[in-house]
Each structure stands twice: as C-alpha cells, then as structure tokens.
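Note that this note's numbering numbers the sequence shown so that position 30 is 91, with each residue one more than the last.
First the structure, in the form of structure tokens, and then the observations on it.
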Amino acid sequence: MYVGVNTFGTPEQVVEQLRSQREILGCDHDVLMIPKYGSMSQAEAEASVRLFGEEVIGHL
62 MYVGVNTFGT PEQVVEQLRS QREILGCDHD VLMIPKYGSM SQAEAEASVR LFGEEVIGHL
C-alpha cells in the first residue's frame with residue numbers, strides 16, 4: 062500500500078498528516094525528519110526543526 066509520506070505544510074497540517082499515516086500504517090512511532098532539502102539554507106533547516114519540536118511533537 063502506498064501512503065503519502067512526504068509531510069509538509071503548517072504545523073497543524075503536519076500533525077494531521079502524521080496522524081493519518083499512523084492510522085493507515087497501524088503504528089505509533091518512528092518520525093523521521095530530514096530537515097534540509099534542495100537549496101534550503103542551514104538557518105531555514107534549523108528553523109524547520111525548531112518549529113517541528115515546538116508545534117508538532119507534543120501533538121503526537
């Protein structure tokens with residue numbers, strides 16, 4: 062089964078996407094984050110990780 066696993070968007074959208082993936086796959090762990098894509102700067106990648114930690118992790 063294919064599950065859309067490229068998670069992106071606002072913190073609220075990311076929470077919903079991860080919850081949906083967990084429900085479909087029947088698991089409750091394993092969040093893999095690759096914070097730097099393409100031409101993202103190091104500062105953008107760090108801000109992304111910080112936002113994920115502050116706004117997403119607590120909802121999972």
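For every residue, glycine included, the Cβ atom is placed at its ideal position computed from N, Cα and C.
Because the structure is a prediction, the values reported are computed rather than measured.
Residue i burial status per 10 Å Cβ neighbour count (16 or more: buried)
i	result
Val75	buried
The alpha helix (DSSP H) enclosing residue i, as first and last residue numbers
i	result
Gly109	Strictly speaking, residue 109 in this sequence is Ser, with Gly absent from that position. Note, Ser109: alpha helix (DSSP H), Gln103 to Glu116.
Ile85	Pro72 to Leu86
Spatial neighbours of residue i in its chain, beta-carbon cut-off 6 Å, leaving aside the 5 residues before and after
i	result
Met62	Below a pLDDT of 50, predicted positions are generally treated as unreliable, and Met62, at 48, falls in that range; the measurement from the model is reported next regardless. Excluding residues within five positions, none has a Cβ falling inside 6 Å.
Gln78	Thr68
Residue i versus residue j - alpha carbon distance
i	j	result
Gln103	Lys97	7 Å
Leu121	Ala108	20 Å
Beta-carbon proximity list for residue i, same chain, < 7 Å, skipping 5 on both sides
i	result
Arg83	Asp89
Pro72	Leu112, Glu116 and Val117
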